[in-house]
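Peer 1: Residue numbers (the working numbering), protein chains in the order written: chain A, 2 to 258; chain B, 48 to 595.
Can you read through this structure? Questions will come right after.
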Amino acid sequence: MMIVLDQLTKIFGAQTAVDALSLEIPAGQIVGFLGPNGAGKSTTLKMLTGMIEPTSGKATVCGYDLQREPIELKRHVGFVPESGAVFESLTGLEYLEMVAALYGIPQNAARARIKQFIAFFDLSFETLTDKLLGAYSKGMRRKVVITSALLHNPPVVFFDEPLDGLDANAAVGFKTLIQTLAREGKTIVYSSHILDVVERVCHRVIIIDKGKLLLDGKPDELVAAHNSGTLEKLFTQLTGGAELERRAEDFAKTFRP
Amino acid sequence: MNSAELPLPPILPEPTPTPEKTLRRLFLTLFLRGRGARGLNKLGTPKTIGQKLSLTLVFYALFGCMALAFLHQPVFALAVYLHAMTFVFLGMFIASSAGEILFNKEEADILMHRPVTPKAMLWAKIRVLVEVSLWLAGAFNLVGLFVGFGSACNWRFPIIHLFSTTLEALFCTGCVVLIYQLCLRWFGRERLEGLMTTAQVFVSIAAVMSGQILPRLVFRFDHVLTVGESSWWIGLLPPAWFAGFDDAFAGSAMLYSWLLAAIAVIVTGTVLWIAFGKLARDYEMGLQALNETISTRVKKHNHRRWLDRLVNVPPLSWWLRDPVARASFLLTAAYLIRDRDVKLRVYPGIAPILIIPFVFLLQNNHHKDASDVGFGVPFSGIYLGMVPLLGLQMLQYSQQWQASDIFRAAPIIGPAQLCHGARRAVLCLLALPMLLLVGLIVWLLRGDWSQLVLLLPGIIALPVFALVPNLGGKAVPLSQPTDAAKSAGRGLNMILVMLIAFALAGLASLAWSQGWFWRLVLGEFAVAAGLYFFMRRSLARVRWTSTE
């Protein structure tokens with residue numbers, strides 16, 4: 002198993018963000034990690050990437066224990082955070098070379114890899130060398146963040162809303178990329194609110210709410226078992242959004258002149 | 048999108064920089080360029096912080112020429128002066144930069160999932176802080192080194208002084224880091240952000256006070272300052288320890304110098320050991336704390352609604368009749384009270400400057416005669432003009448500056464009302480409390496209510512000072528990226544206010560002693576009213592300019 006969570010829990014003061022979450026993810030699987038806002042998805046991903054410490058429970062990624070071997074674990078994972086934060090006063094190339102250096106990739110090897118990524122993402126090398134990241138569009142910045150997560154060729158990659166800001170072409174390319182990566186044995190954990198993409202791309206879907214596991218299974222099997230038609234409808238059924246459409250219609254009527 | 052079908056190239060054996068070196072280079076680049084830079088290309092970047100830093104170094108070097116007054120004076124007197132002033136500069140620099148460098152919120156998402164330890168990050172940041180501190184200290188001490196060398200061909204002084212200054216930089220950095228870590232340990236992460244601001248303000252004030260007291264003593268004792276039975280307390284002031292180090296190795300080598308030198312080494316070593324050895328784990332906790340976005344405590348709404356209530360009762364409700372000015376007042380006040388980034392910039396920026404009027408008040412406290420009030424009271428009142436001036440200048444910078452696009456998107460013809468709201472917030476929340484404090488101190492020192500009228504020239508000038516940053520539609524609240532906040536232009540404004548304060552306070556003091564004070568007040572009121580009217584009209588005419 003590439004990822005193992007055993008009663009993983011995170012408590013912030015009086016609030017339990019992740020509540021005794023247990024699951025296992027094998028190699029080569031794309032797992033959609035879903036939940037409404039505040040369900041504990043980002044907190045789980047941040048724990049699995051060593052960014053925040055769990056309150057209790059255990060987890061291993063690529064066999065490395067989260068608490069005992071955090072640096073080895075970090076060396077074997079890639080992470081695209083939802084914020085898409087970068088150091089805006091570095092150029093794209095400076096940023097990527099800095100990230101590569103942190104993973105011990107020599108400058109020449111890093112540059113060769115970066116060139117492959119920018120060719121894939123249709124970025125020009127001049128943009129990467131001359132422009133500061135603060136001047137990049139949101140989509141371009143997101144491409145740089147995705148590149149920085151994959152640069153060291155990690156066996157496990159966590160994506161938190163990776164398509165945010167990408168144009169339609171880039172999004173299609175990205176989906177193909179992660180499917181290919183999974184075929185080559187990489188484990189992908191994909192957290193997103195765009196459920197039709199999750200339904201098409203992911204081999205397995207995990208839905209959590211209030212930090213607890215609600216559902217775990219193949220998207221088509223889950224949809225069929227709950228007789229909900231689409232993953233989106235299943236999600237709203239499970240997370241209390243069934244009344245949303247009617248409420249939205251009622252609210253829209255209040256805008257009538 | 049092109050498909051890259053070639054496999055990723057293998058990593059060939061070649062030397063790789065260590066994470067520590069990579070991080071150090073990263074943090075130095077970020078410090079020199081600033082953290083946000085929309086619309087810039089790489090060639091444009093050195094013009095921002097790098098160039099300003101060069102100007103600052105030149106300014107420090109010129110300021111260091113004051114050391115020429117110590118030519119042919121004892122080593123201890125020269126060293127006390129140099130270390131005291133270095134302590135002020137370093138203390139203020141480290142206090143104002145440390146929060147941003149040590150605890151940057153976005154940094155967690157970028158670096159915390161990479162294979163680097165928080166300890167490596169801490170050391171890289173410390174090295175950058177110390178490195179830049181040494182540039183500043185080096186620039187200021189440059190002339191002093193020659194003075195020390197030239198006084199008696201003392202070739203050891205430059206070498207020893209360079210060493211003791213490095214020690215002092217390490218001590219300052221260690222103290223600031225230690226204060227943050229102790230705050231984290233004792234008060235927990237929930238109160239980290241508020242405490243960081245408080246800690247910075249206190250460090251700044253302590254640095255300025257320590258730096259102000261010693262040089263004054265040197266002049267008072269006619270350059271023969273020593274630590275003796277009656278002046279043992281000098282040994283409590285950190286700059287004296289490092290001055291003692293210089294005197295022990297390159298000066299009189301008296302017993303008290305050796306004692307002070309030993310204190311310098313032991314205290315610095317202890318601070319560094321505790322900050323970077325014993326409490327390094329607390330820094331890791333602090334970084335994680337900033338990464339945890341979930342609020343741990345549900346705050347009562349009532350605590351946050353007092354601002355709303357405040358603007359709805361007279362006299363503020365009368366003053367904020369315009370809805371845009373009211374909204375701007377609330378926005379500015381909320382950022383002054385809640386936003387960590389703004390608080391870290393505004394309060395430590397203003398606090399040390401406000402020491403100066405108190406020094407003047409205390410110095411002139413011997414003027415007990417009602418007809419001879421001295422210079423301190425009117426100077427303190429006029430100097431308060433610095434509060435809105437600096438406050439508004441610093442409030443225009445925010446990490447959320449892009450959100451200010453809403454001002455241009457809204458149906459408002461220009462920034463005037465936004466500026467008025469921000470100005471009133473600064474006057475109410477910063478200038479008014481300071482005025483009350485100065486009034487209280489004047490009363491406590493002089494025991495005479497009648498002397499409070501000497502604050503009138505300052506109160507009359509306050510609205511005019513407060514309008515200066517907004518001239519030409521500038522200093523719109525929270526509308527500029529934070530990297531531009533390290534501008535050297537503020538120094539010019541401060542010098543201008545200081546000159547006006549000196550001139551007007553001198554005039555007020557003279558007018559009081561010669562019996563024409565009230566005529567001066569009337570005259571000043573007429574001039575200030577004219578200026579105020581002219582500046583407001585000019586601001587009202589300003590329209591939004593295109594943002595590129």
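All residues carry an ideal CB built from backbone N, CA and C; glycine is no exception.
Contact between the stretch 231–238 of chain A and the stretch 193–204 of chain A: three or more CB pairs below 8 Å?
Peer 2: Yes, the stretch 231–238 of chain A is in contact with the stretch 193–204 of chain A.
Peer 1: Roughly how many angstroms lie between the CA atoms of residue 587 of chain B and residue 86 of chain A, to the nearest whole one?
Peer 2: Those two C-alpha atoms are separated by around 39 Å.
Peer 1: So residue 112 of chain A is in the alpha helix (DSSP H); what residue range does that whole segment cover?
Peer 2: Counting along the chain, the alpha helix (DSSP H) containing residue 112 of chain A begins and ends at 108–121.
Peer 1: Are residue 229 of chain B and residue 177 of chain B closer than 8 Å when you measure CB to CB?
Peer 2: Not closer than 8 Å, so no.
Peer 1: Apart from the five residues just before and just after residue 68 of chain A, which ones in its own chain have a Cβ nearer than 8 Å to its Cβ?
Peer 2: The residues are 54, 55 and 59.
Peer 1: Quick check on residue 214 of chain A: does DSSP put it in helix, strand or coil?
Peer 2: It is a strand residue.
Peer 1: Would the beta-carbon of residue 429 of chain B fall within 8 Å of that of residue 547 of chain B?
Peer 2: Cβ distance < 8 Å, so residue 429 of chain B and residue 547 of chain B count as in contact.
Peer 1: Could you name the residues that DSSP lists as bridge partners for residue 160 of chain A?
Peer 2: Per DSSP, A/81 and A/191.
Peer 1: Check whether the Cβ of residue 91 of chain A lies closer than 8 Å to any Cβ atom in chain B.
Peer 2: Yes, contact with chain B.
Peer 1: Buried or exposed: which applies to residue 390 of chain B, given that a residue is buried once 16 or more other Cβ atoms fall within 10 Å of its Cβ?
Peer 2: It counts as buried.
Peer 1: Give the interface partners of residue 161 of chain B over in chain A, defined as CB-CB distance under 8 Å, in chain order.
Peer 2: Chain A residues near residue 161 of chain B: 75, 100, 103 and 104.
Peer 1: Can you tell me whether residue 575 of chain B is helix, strand or coil according to DSSP?
Peer 2: The answer is helix: DSSP assigns residue 575 of chain B an H, G or I state.
Peer 1: Counting pairs of beta carbons, one from the stretch 161–170 of chain B and one from the stretch 318–338 of chain B, are three or more of them closer than 8 Å?
Peer 2: Counting Cβ pairs under 8 Å, three or more are found: they touch.
Peer 1: Considering only the alpha carbon of each residue, which of A/212, A/166 and A/203 lies closest to residue 39 of chain A?
Peer 2: Residue 39 of chain A has its Cα closest to that of A/212, out of A/212, A/166 and A/203.
Peer 1: Check the Cβ-Cβ distances between residue 84 of chain A and every residue of chain B, and say whether any is below 8 Å.
Peer 2: Output row for residue 84 of chain A: interface = yes.
Peer 1: Let me check one thing: in DSSP terms, what residues is residue 547 of chain B bridge-paired to?
Peer 2: According to DSSP, residue 547 of chain B bridges with nothing at all.
Peer 1: Where do the ends of the alpha helix (DSSP H) carrying residue 489 of chain B lie?
Peer 2: Here the alpha helix (DSSP H) through residue 489 of chain B covers 479–493.
Peer 1: To the nearest angstrom, report how far apart residue 168 of chain A and residue 143 of chain A are at their CA atoms.
Peer 2: Between residue 168 of chain A and residue 143 of chain A, the C-alpha separation is close to 11 Å.
Peer 1: Are the CB atoms of residue 297 of chain B and residue 204 of chain B within a distance shorter than 8 Å?
Peer 2: For residue 204 of chain B and residue 297 of chain B, yes; Cβs fall inside 8 Å.
Peer 1: When Cβ atoms are compared, which residues of the stretch 158–187 of chain B fall closer than 7 Å to chain A?
Peer 2: Under the 7 Å Cβ criterion, the stretch 158–187 of chain B contributes 159, 160, 161, 162, 163 and 164.
Peer 1: Which of helix, strand or coil does DSSP assign to residue 382 of chain B?
Peer 2: Helix at residue 382 of chain B.
Peer 1: Any heavy atom of the ligand FAD within a distance shorter than 7 Å of the CB on residue 85 of chain A?
Peer 2: What this structure holds is no ligand at all, so the ligand FAD is not there to describe.
Peer 1: Using alpha carbons as the reference points, say which of A/202, A/45, A/248 and A/164 lies closest to residue 17 of chain A.
Peer 2: Considering only alpha carbons, the answer is A/45.
Peer 1: Got a sec: is the Cβ-Cβ distance from residue 80 of chain B to anything in chain A below 8 Å?
Peer 2: Residue 80 of chain B counts as touching chain A.
Peer 1: Does DSSP put residue 220 of chain B in a helix, a strand or coil?
Peer 2: Looking at residue 220 of chain B - three-state DSSP - the assignment turns out to be helix.
Peer 1: Have a look at residue 184 of chain A and residue 29 of chain A and give me their C-alpha separation to the nearest angstrom.
Peer 2: If I take the Cα positions, the gap works out to 6 Å.
Peer 1: Run through DSSP, which three-state label would residue 65 of chain A get?
Peer 2: Strand, per DSSP.
Peer 1: Along the alpha helix (DSSP H) that carries residue 503 of chain B, what are the first and last residues, could you check?
Peer 2: Unbroken alpha helix (DSSP H) run through residue 503 of chain B: 503–514.
Peer 1: Compute the beta-carbon to beta-carbon distance between residue 63 of chain B and residue 107 of chain A, rounded to the nearest angstrom, for a pair I have assumed lies under 8 Å.
Peer 2: About 5 Å separates the two Cβ atoms, so the contact holds.
Peer 1: Out of A/3, A/187 and A/121, point me to the one whose CA is closest to residue 173 of chain A's CA.
Peer 2: The residue with the shortest Cα to Cα distance from residue 173 of chain A is A/121.
Peer 1: Using the beta-carbon count (16 or more within 10 Å), is residue 119 of chain B buried or exposed?
Peer 2: Result: exposed.
Peer 1: Straight-line CA distance for residue 431 of chain B to residue 12 of chain A?
Peer 2: When rounded, the distance between both Cα atoms is 47 Å.
Peer 1: Could you list which residues in chain A have their beta carbon closer than 8 Å to that of residue 155 of chain B, in chain order?
Peer 2: Near residue 155 of chain B (Cβ distances below 8 Å), the residues of chain A are 52.
Peer 1: Determine the burial state of residue 98 of chain A: buried for a count of at least 16 other Cβ atoms within 10 Å of its Cβ, exposed for fewer.
Peer 2: Buried.
Peer 1: According to the neighbour-count rule (16 or more other Cβ atoms, all chains shown, within 10 Å of its Cβ), is residue 15 of chain A buried or exposed?
Peer 2: Its Cβ having fewer than 16 others within 10 Å, residue 15 of chain A is exposed.
Peer 1: Taking the alpha carbon of residue 515 of chain B as the point to measure from, which residue in B/504, B/78 and B/543 has its own alpha carbon closest?
Peer 2: Of the candidates B/504, B/78 and B/543, the one whose C-alpha sits nearest the C-alpha of residue 515 of chain B is B/543.
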